[in-house]
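So in this note's numbering, spot 25 of the sequence shown is number 48, and the numbers just go up one at a time. C-beta: ideal position from N, C-alpha, C; glycine also. Below is one structure; the comments refer to it alone.
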Amino acid sequence: MKRILLLPGDGIGPEVTAQARRVLELVAQRHDIKLDLDEALIGGCSIDATGVPLTDEVVARAKEVDAVLLGAVGGPKWDGIAMHLKPEKGLLRIRKELGLFANLRPATVFEALIDASTLRPEVVKGIDLLVIRELTGGLYFGEPKGISSVNGVRRGVNTMVYDEHEIERITRVAFEAARGRRKKVTHVHKANVLDVCQLWVEVVNHLAKEYPDVELAHQLVDSCAMLLVKDPKQFDVIVTENMFGDILSDEAAMITGSLGMLPSASLGSDGMGLYEPVHGSAPDIAGQNKANPLAAILSVAMLFEHSFKELRAAAEINDAVKQVLSDGKRTADIILPGQKFTPIGCTAMGDAVLEKLKALS
Ligand code: NAD
24 MKRILLLPGD
34 GIGPEVTAQA
44 RRVLELVAQR
54 HDIKLDLDEA
64 LIGGCSIDAT
74 GVPLTDEVVA
84 RAKEVDAVLL
94 GAVGGPKWDG
104 IAMHLKPEKG
114 LLRIRKELGL
124 FANLRPATVF
134 EALIDASTLR
144 PEVVKGIDLL
154 VIRELTGGLY
164 FGEPKGISSV
174 NGVRRGVNTM
184 VYDEHEIERI
194 TRVAFEAARG
204 RRKKVTHVHK
214 ANVLDVCQLW
224 VEVVNHLAKE
234 YPDVELAHQL
244 VDSCAMLLVK
254 DPKQFDVIVT
264 ENMFGDILSD
274 EAAMITGSLG
284 MLPSASLGSD
294 GMGLYEPVHG
304 SAPDIAGQNK
314 ANPLAAILSV
324 AMLFEHSFKE
334 LRAAAEINDA
344 VKQVLSDGKR
354 TADIILPGQK
364 FTPIGCTAMG
374 DAVLEKLKAL
384 S
């Protein structure tokens with residue numbers, strides 16, 4: 024029995040999560056996996072119901088399950104609310120409470136959507152890379168930090184700090200992920216300037232001895248940013264510290280050109296995983312059955328892969344999405360100007376993926 028907590032959230036969150044849930048249930052059934060699904064509030068809807076973006080009770084429930092599937096949070100309704108009560112604080116809290124230290128963001132270019140990229144088709148064709156970002160350390164959390172006054176001059180400070188074990192555990196996630204892919208890890212750093220990055224290089228090199236079957240490269244972050252737009256196909260798994268990963272994962276995502284197609288996973292040390300589409304709550308199209316559910320559905324594929332280790336189930340979902348796109352099915356967000364596709368709704372896109380999955384013998 025696998026227990027999953029669904030946190031649909033706000034805006035299009037509930038719409039895309041509903042389609043993801045249908046896929047989750049069908050694929051679990053096909054693979055004889057018994058599911059215990061539970062649903063709870065996060066973000067603006069939680070503020071409306073309880074006064075806070077995430078209650079202690081929901082945190083406790085999330086800690087009990089095998090995986091969490093999240094939609095999106097936020098919207099203009101809660102824009103004026105105090106900073107510590109904003110919907111996004113619910114998201115930050117759940118990631119922290121679950122100890123999610125590894126953020127996995129695949130960037131895959133689907134053949135049928137190749138024109139959505141702003142890069143030339145021959146550059147993006149076949150891109151299939153995974154950015155693994157350290158999520159709980161580095162510059163965003165290091166001490167000392169803050170703004171102070173030194174001899175009447177204001178000074179701002181943040182500190183990039185990593186302990187050896189933090190580097191080792193995220194690097195291990197990268198090597199393990201690479202084993203299921205093209206067996207190449209690129210460690211991205213700035214060791215020519217930063218001492219903390221020299222420690223990363225040492226720890227990564229040491230761990231690499233346990234993975235002789237995986238090729239390891241080290242790449243400076245500035246040149247990696249350039250190579251991502253020049254020749255992104257050379258990358259398989261990229262592993263890097265928090266801030267570099269924050270920037271590079273968005274750069275890699277934008278190469279694919281379509282926000283509604285990007286899934287993500289955040290993993291913790293005890294096998295806990297939280298899966299969510301990269302996009303936000305899209306208030307401009309919420310409640311209109313226009314949202315693209317494929318990022319949420321692809322997040323379910325990541326859940327099968329990382330939390331259940333069911334690689335075949337994950338591949339089935341990824342293939343079903345590919346087939347649906349090759350059949351010319353498109354939600355409005357993935358139709359480019361001049362293309363003659365008829366847009367379908369969120370539910371119809373969910374139906375199309377389910378149909379492909381049901382057609383498997
Ligand atoms: P957004 O991702 O919600 O939307 C950006 C644009 O992309 C919009 O035009 C939207 O319609 C479109 N879009 C996004 N996802 C789509 C989908 N699945 N299908 C079709 N179109 C899609 O980003 P935003 O507009 O900057 O933020 C809106 C709200 O979402 C804000 O309150 C923001 O704080 C929140 N947000 C939440 C998350 C999260 O929950 N992880 C992430 C980003 C933003």
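The residues V180, N181, T182, in chain order, have a CB closer than 7 Å to that of K168 in the same chain once the five nearest residues on each side in sequence are set aside. Under the 10 Å beta carbon count, T40 is surrounded by 16 or more other beta carbons and is classified as buried. Ligand 1 never approaches G310 closely enough for any of its heavy atoms to be under 8 Å from the residue's Cβ. Within the DSSP secondary-structure output, S171 pairs in a beta bridge with R178.
DSSP places T131 inside the beta strand (DSSP E), whose first and last residues are 123–131.
Counting C-beta pairs with one atom in each stretch, the region 258–273 and the region 210–221 have three or more that are closer than 8 Å, which means they touch. For V208, the three-state secondary structure derived from DSSP is strand.
In the same chain as G165, and ignoring 5 residues on each side of it, the C-beta atoms closer than 7 Å to its own belong to N181, T182, M183, V184, in chain order. H188 sits exposed, since fewer than 16 C-beta atoms from the chains shown fall within 10 Å of its C-beta.
Nearest C-alpha to K25 among D273, L64, D89: D89. Non-local C-beta neighbours of E191 in its own chain, meaning closer than 7 Å and more than five positions away in sequence, comprise V226, L230, ordered along the chain.
Take the alpha-carbon of L217 and the one of A338: they are about 39 Å apart. Less than 9 Å divides the Cβ of V81 from the Cβ of L64. Two segments are said to touch when three or more pairs of C-beta atoms, one from each, lie closer than 8 Å; by this definition the region 67–76 touches the region 108–119. Bounds of the beta strand (DSSP E) holding I155 are 151–157. Pairing L162 with A197, the inter-Cα distance amounts to about 21 Å. In the DSSP assignment, L230 falls within the alpha helix (DSSP H) that extends over 218–231.
Taking all protein chains shown into account, F364 has fewer than 16 neighbouring C-beta atoms within 10 Å of its C-beta and is therefore exposed.
With a cut-off of 8 Å, the C-beta of S272 is classified as distant from ligand 1, since no heavy atom of the ligand falls inside that distance.
Contact between A324 and N341 is confirmed by a C-beta separation of about 5 Å, below the 8 Å threshold. Annotated three-state conformation of D138 is helix, per DSSP. Counting every other CB atom within 10 Å of its CB across the protein chains shown gives P99 a total below 16, marking it as exposed.
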